[in-house]
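Single-structure report; data block below.
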Amino acid sequence: MALKIIDHGSPEYREMTRLREQILRRPLGLTLDSEELETERPHVHIGAFEEDSLLGCCMLVREDDRTVRLRQMAVSDDIQRKGIGKALMSFAENIARDQGYRNLIMHARQHAIGFYEKMGYRVTSTEFTEVTIPHVVMEKSL
Ligand SMILES: CC(C)(COP(=O)(O)OP(=O)(O)OC[C@H]1O[C@@H](n2cnc3c(N)ncnc32)[C@H](O)[C@@H]1OP(=O)(O)O)[C@@H](O)C(=O)NCCC(=O)NCCS
């Protein structure tokens, strides 16, 4: 498996948007729109690949000088629970550290809390609704 940063607008980025759509949006009856994707140009897009095939992805978004937010973490349905999410998370944390961030946060879907807890994150908010489902803020010092 190869982990790499993907350029916004590249063929890999388009593959990433298809995976995000399939794993994160369509099950909720939602879609990604082109306006939303255009705002993602400054973010760090990360993919896990086997050969040319995208296995999983995530994105880092600057909050402030110290804090970066992980978004859009998704692993292809048929290969979840095989360590791909963990590898993406470690790679994203290393990039965040290299860029000088001290904290990593995310809005975690309730069913994914256990995954992030295994990566050392803790819940720091009460529950709220985002994209129609329950979420909490989780964070960790890098
Ligand atoms: C959540 C997700 C990214 C995890 O990726 P993954 O590749 O399946 O996870 P990994 O195999 O790397 O798991 C790492 C560890 O977390 C555990 N884990 C994975 N998903 C879990 C979950 N939903 N709840 C509790 N533990 C979980 C694994 O068992 C593993 O534990 P271990 O290290 O003791 O063996 C993936 O399941 C996914 O894409 N889910 C659907 C989309 C989603 O909910 N994304 C998160 C949005 S906030």
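Per numbering that gives the first Met the number 0, the very first residue in the sequence shown carries number 0; after that it's consecutive.
Yeah, the Cβ is synthetic: ideal placement off N, Cα and C, and Gly gets one too.
Where does residue i sit, in a helix, a strand or coil, going by DSSP?
i: Q109; result: helix
i: L36; result: helix
i: S75; result: coil
i: L29; result: coil
i: T131; result: coil
i: R65; result: coil
i: E50; result: coil
Is the distance from the Cβ of residue i to the Cβ of residue j below 8 Å?
i: L53; j: L18; result: yes
i: A95; j: V74; result: no
i: M15; j: A47; result: no
Could you give the distance in angstroms between the alpha-carbon of residue i and the alpha-carbon of residue j?
i: H44; j: I78; result: 20 Å
i: F114; j: R80; result: 10 Å
i: Y12; j: I4; result: 10 Å
i: V122; j: D64; result: 22 Å
i: T125; j: I104; result: 14 Å
i: G82; j: E37; result: 30 Å
i: I132; j: E20; result: 16 Å
i: G32; j: Y100; result: The sequence as given places Asp at residue 32; Gly does not occur at that position. The alpha-carbon atoms of D32 and Y100 are separated by roughly 29 Å.
Ignore the nearest five residues each way along the sequence and tell me which others in residue i's own chain have a CB closer than 7 Å to its CB.
i: A91; result: I45, C57, L59 and L69
i: L29; result: V130
i: R40; result: H7
i: H106; result: E129, H134 and V136
i: G55; result: A47, A73, V74, S75, I83, G84 and L87
i: R61; result: V67
With DSSP as the reference, please indicate the residues paired to residue i in a beta bridge.
i: V43; result: L59
i: K139; result: L103
i: I4; result: I45
Among the residues of its own chain, which have a CB less than 8 Å from the CB of residue i, if the five just before and after it don't count?
i: K117; result: K85
i: L27; result: V130, T131 and I132
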